[in-house]
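Peer 1:
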DNA sequence: TCCACTTCGCAAACACTGTTCGCAATATAG
DNA sequence: CTATATTGCGAACAGTGTTTGCGAAGTGGA
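Protein chains in written order, with this note's numbering: chain R, 59 to 293; chain A, 59 to 293.
#1: If the criterion is Cβ atoms closer than 8 Å, does the pair residue 128 of chain R and residue 182 of chain R meet it?
#2: Can you list the alpha helix (DSSP H) stretches of 4 or more residues lying completely in the stretch 147-214 of chain R, in chain order?
#3: Determine, using beta-carbon pairs with one atom in the stretch 194-207 of chain A and one in the stretch 236-254 of chain R, whether at least three such pairs fall under 8 Å.
#4: Does any C-beta atom of chain R lie closer than 8 Å to the C-beta of residue 186 of chain A?
#5: Compare the C-beta of residue 6 of chain R against all C-beta atoms of chain A and say whether one is closer than 8 Å.
#6: Taking contact to mean 3 or more Cβ pairs, one atom from each stretch, closer than 8 Å, check whether the stretch 105-122 of chain A and the stretch 67-84 of chain A are in contact.
#7: Tell me which same chain residues have a C-beta within less than 8 Å of the C-beta of residue 88 of chain A, skipping the five on either side of it?
#8: Three or more beta-carbon pairs under 8 Å between the stretch 234-254 of chain A and the stretch 185-195 of chain A, yes or no?
#9: State whether the stretch 151-159 of chain R contacts the stretch 144-163 of chain A, with contact taken as three or more CB pairs (one from each stretch) at a distance under 8 Å.
#10: Using the C-alpha atoms, what's the distance from residue 115 of chain A back to residue 67 of chain A?
#11: What did DSSP end up calling residue 270 of chain R once you bin it into helix, strand or coil?
#12: Figure out for me which residue from A:223, A:207, A:180 has the closest Cα to the Cα of residue 230 of chain R.
#13: Determine whether the Cβ of residue 263 of chain R lies closer than 8 Å to any Cβ atom of chain A.
#14: Starting from the beta carbon of residue 208 of chain R, find every residue of chain A whose beta carbon is closer than 7 Å, and list them in chain order.
#15: Alpha carbon to alpha carbon, what distance is there between residue 175 of chain A and residue 151 of chain R?
#16: Residue 112 of chain R touches chain A at which residues, Cβ-Cβ below 9 Å?
#17: Counting only the same chain and skipping the five closest in sequence on each side, list residues whose C-beta sits under 8 Å from that of residue 101 of chain R.
#18: With DSSP collapsed to three states, give me the class of residue 246 of chain R.
#19: Less than 6 Å between C-beta atoms, sequence neighbours within five positions excluded: which residues of the same chain meet that for residue 277 of chain R?
#20: By how many angstroms is the C-alpha of residue 124 of chain A removed from the C-alpha of residue 74 of chain A?
#21: Residue 238 of chain A versus chain R: which residues are under 7 Å apart at the beta carbon?
#22: Flag this pair as yes or no: are the beta carbons of residue 199 of chain R and residue 282 of chain R separated by less than 8 Å?
#23: Just the chain R side, please: which residues come within less than 8 Å of residue 157 of chain A by C-beta, in chain order?
#24: Between the alpha carbons of residue 162 of chain R and residue 219 of chain R, how many angstroms are there, rounded?
#25: With DSSP as the reference, label residue 124 of chain A as helix, strand or coil.
#26: Of the choices A:77, A:112, A:250, whose alpha-carbon is the least far from that of residue 94 of chain A?
#27: Need the endpoints of the alpha helix (DSSP H) that residue 78 of chain R sits in, please.
#28: Restricting to Cα atoms, I'd like to know which of R:138, R:196, R:143, R:148 is closest to residue 168 of chain R.
#29: Is there a C-beta anywhere in chain R that falls below 8 Å from the one on residue 173 of chain A?
#30: For residue 188 of chain A and residue 273 of chain A, I'd like the C-alpha separation in whole angstroms.
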């Protein structure tokens with residue numbers, strides 16, 4: 059019996075009380091998977107490959123994990139242990155931006171993480187600790203509970219999104235998109251886009267290309283202040 | 059020769075000038091793939107499956123598309139044709155929120171779209187048209203070109219993210235995460251989280267559960283105003 | 001000490017997947 | 001009518017996640 063489904067992996071006991079003791083552990087398997095993913099990307103993390111890295115057979119992994127998706131959840135949460143939580147300074151925005159800086163660093167160390175955060179947000183022990191710290195930072199902020207939790211979700215997603223574009227997906231993809239953009243502009247349609255790129259392309263001193271780290275910080279600041287402020291008035 | 063790589067699929071000619079004329083078209087293949095994805099999800103879109111829907115063999119598809127990823131890009135851009143662009147009213151936020159409403163509708167019609175938008179943002183003809191309209195709406199807005207394009211990217215991503223959580227990924231996933239959250243709170247740690255959920259859970263009349271459509275609209279409005287306003291002052 | 005009992009390890013098999021190859025069929029241009 | 005160019009596609013290749021079945025390896029109780 060492969061443990062009750064519909065429960066996240068963190069709610070299923072790791073080791074059994076009786077019987078032959080396991081030769082590995084979830085932590086060990088997760089670490090092996092992370093090593094592979096760091097070096098060769100997420101798609102290299104196959105059950106056979108991870109098992110081989112541990113010197114065992116693929117089928118053995120299913121004693122520790124229900125399926126590959128469980129393993130991905132474990133990886134996603136595991137790197138959350140790399141956060142270092144400092145006591146809040148009193149200025150929540152500054153503190154959250156510092157947290158964002160750490161997120162950026164972690165996402166850079168593990169280029170596969172952005173994909174997992176965007177496609178299967180999982181809440182494991184480390185994710186919970188991060189959320190708790192996020193809320194601690196906002197403890198005296200007047201926003202509603204729902205708003206704070208939404209802010210957390212968007213904080214994660216924004217970081218992931220930004221780093222995904224800056225990293226692997228970016229290099230090839232971005233300049234292929236740019237190639238098509240140029241061709242499309244050459245046809246004369248897309249007036250506004252043409253205007254904008256013409257105005258931006260020349261060496262406008264006030265419009266110099268910014269450091270990605272600065273752009274990330276600026277966008278994160280804008281989004282967080284937008285989310286955690288009095289509601290905008292709409293019709 | 060499979061056409062020059064490093065170019066997006068929209069820059070590669072579809073039909074050849076000479077030789078036996080093709081029996082299908084990219085549009086036809088894309089439509090078949092979308093039908094399958096709408097009914098059975100993205101993972102059901104295999105080359106064999108799409109080919110079978112067209113009454114042909116899997117290998118034939120490679121005459122129209124370099125690989126499966128190309129097909130996904132085509133799908134992603136194709137549904138962009140469902141947007142209906144109205145002339146700007148003069149209030150850019152209202153107009154962009156209306157665009158967001160359309161995005162929401164499209165994402166609901168095609169539950170697989172969120173995943174593609176988040177993981178492989180592609181800029182095809184329809185994506186370009188959307189971007190052009192987005193910029194047209196912001197034509198008289200004083201923000202920089204870079205800021206407007208960033209706003210567009212985040213507009214797409216936010217819509218996708220929100221709808222992904224509301225749709226497929228949500229049902230099972232959300233209540234599994236919730237199950238773990240409850241268990242974790244029962245241990246006594248996670249002080250802030252506990253406080254927040256206690257305060258929010260009782261039938262607080264001012265804090266009633268909002269319609270997802272309203273939440274989406276509110277979040278989108280906050281993010282867009284945050285991104286397209288004078289910069290917040292930081293240290 | 002022995003033995004049921006429980007769990008682990010894992011080779012082999014299954015049902016898939018994306019993609020390539022090679023060749024026959026089919027159209028067009030000259 | 002003849003090159004020539006392109007399409008259609010069965011078959012094969014190298015992988016994938018996962019299940020099954022059974023032997024090996026420990027543990028708790030008698």
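C-beta atoms are modelled at their ideal positions from N, C-alpha and C, and glycine is treated no differently. Given the structure is predicted, the values throughout are model-derived calculations rather than measurements.
Peer 2: On the basis of the data shown:
#1: With contacts defined by Cβ atoms closer than 8 Å, residue 128 of chain R and residue 182 of chain R do not form a contacting pair.
#2: Qualifying alpha helix (DSSP H) stretches, in chain order: 150-167, 171-177, 183-195.
#3: Because the criterion of three Cβ pairs below 8 Å is met, the stretch 194-207 of chain A and the stretch 236-254 of chain R touch.
#4: It does: the Cβ of residue 186 of chain A has a partner Cβ on chain R nearer than 8 Å.
#5: Nothing about residue 6 of chain R can be read from this structure; chain R reaches only from 59 to 293.
#6: A contact exists between the stretch 105-122 of chain A and the stretch 67-84 of chain A.
#7: So the qualifying residues of the chain are 129, 132, 133, 136.
#8: Verdict: no, contact absent.
#9: Pairwise C-beta distances place the stretch 151-159 of chain R out of contact with the stretch 144-163 of chain A, as fewer than three of them are shorter than 8 Å.
#10: Cα to Cα, residue 67 of chain A sits roughly 21 Å from residue 115 of chain A.
#11: Helix at residue 270 of chain R.
#12: Among A:223, A:207, A:180, the Cα nearest to that of residue 230 of chain R belongs to A:180.
#13: Caution applies to residue 263 of chain R, whose pLDDT of 49 falls short of 50 and renders its modelled position unreliable; the value that the coordinates give is listed next. Contacts with chain A at 8 Å (Cβ-Cβ) do not include residue 263 of chain R.
#14: By Cβ distance, chain A contributes 277.
#15: Distance from the CA atom of residue 151 of chain R to the CA atom of residue 175 of chain A, rounded to whole angstroms, is 29 Å.
#16: In chain order: nothing, as chain A lies at least about 26 Å away.
#17: So the list is empty, once near-sequence residues are dropped.
#18: Three-state DSSP puts residue 246 of chain R in coil, outside helix and strand.
#19: Nothing listed; no residue qualifies.
#20: In this structure, the alpha-carbon of residue 74 of chain A lies about 15 Å from that of residue 124 of chain A.
#21: Within 7 Å Cβ-Cβ: 66, 68, 69, 181.
#22: Taking 8 Å as the Cβ cut-off, residue 199 of chain R and residue 282 of chain R do not qualify as a contacting pair.
#23: Correct list: empty, because the minimum Cβ distance to chain R is about 14 Å.
#24: The alpha-carbon atoms of residue 162 of chain R and residue 219 of chain R are separated by roughly 11 Å.
#25: Three-state DSSP puts residue 124 of chain A in coil, outside helix and strand.
#26: Ranking the options by Cα distance to residue 94 of chain A, first place goes to A:112.
#27: Counting along the chain, residue 78 of chain R falls outside any alpha helix (DSSP H), and DSSP gives it neither H nor E.
#28: Closest by alpha carbon: R:138.
#29: So, interface residue.
#30: Spanning the two alpha carbons is a distance of roughly 23 Å.
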